[in-house]
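These notes are about the structure you will find just below.
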Amino acid sequence: MLNLLGVFIGGGCGAVVRAWITDFCNQHLRQTIPVATLLVNLIGSLCIGIFAHIAINNGSLYALFIIGFLGGLTTFSTLMYELTQMLHQQQWLKWCAYSALQYGLCFVACFIGYFWI
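Sequential numbering from 0 applies to the sequence shown in numbering that gives the first Met the number 0.
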């Protein structure tokens with residue numbers, strides 16, 4: 000039960016941070032691609048790499064931070080929606096570039112977090 004509470008609290012906090020980053024990016028950055036989604040996924044990928052490497056074995060901490068906070072922060076569903084919108088608008092080059100940035104950079108961030116930090 001404590002682990003579920005940790006997921007609940009961490010997920011809520013992660014979602015609030017994601018909303019704040021999205022609002023900030025939308026208000027202060029000129030964007031051709033959804034920068035906020037890329038940013039939260041990069042941060043989440045780096046953090047999951049770091050914490051997977053140091054092997055958080057504490058079930059409550061794992062539930063709170065890894066599953067909860069990072070799960071609430073990162074967003075696969077928003078990424079899929081954004082990519083679908085790009086295809087619907089026939090923005091093929093933008094779709095390719097954004098896909099490559101998301102999958103490539105997020106993998107590299109996780110790799111760096113796991114092996115180099």
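For glycine and all other residues, C-beta sits at the position ideal for the given N, C-alpha and C.
Original post:
If you compare alpha carbons, which of ILE47, GLN90, LEU28 and ILE42 is closest to TYR61?
Top reply: Mapped onto the sequence shown, residue 61 falls at position 62. Out of ILE47, GLN90, LEU28 and ILE42, ILE47 has the C-alpha closest to the C-alpha of TYR61.
Subject >> Three-way DSSP call (helix, strand, coil) for LEU28 in this model >> reply: Position 29 of the sequence shown, counted from the start, is the residue given in the question as residue 28. It is coil, neither helix nor strand.
**OP:** May I ask you to verify whether the segment 81-89 touches the segment 7-20, counting CB pairs closer than 8 Å and requiring at least 3?
**Re:** no
Original post:
Buried or exposed: which applies to TRP94, given that a residue is buried once 16 or more other Cβ atoms fall within 10 Å of its Cβ?
Top reply: Reading the sequence shown from its first residue, position 95 is the one you call residue 94. With 16 or more Cβ atoms within 10 Å of its Cβ, TRP94 is classed as buried.
Subject >> Inter-stretch contact at 8 Å, needing at least 3 Cβ pairs: the segment 34-52 / the segment 102-109 >> reply: yes
Subject >> Burial state of ALA118, where buried means 16 or more other Cβ atoms lie within 10 Å >> reply: The question about residue 118 has no answer, for the chain in this structure spans 0 to 116.
Original post:
Are the Cβ atoms of CYS24 and GLY71 separated by less than 8 Å?
Top reply: Locating residue 24 in the sequence shown gives position 25, counting from the first residue. Locating residue 71 in the sequence shown gives position 72, counting from the first residue. No, these two residues do not count as a Cβ contact at 8 Å.
Original post:
On the three-state DSSP scale, how would you describe ILE53?
Top reply: Taking the sequence shown and counting its residues from 1, one reaches residue 53 at position 54. Three-state result, ILE53: coil.
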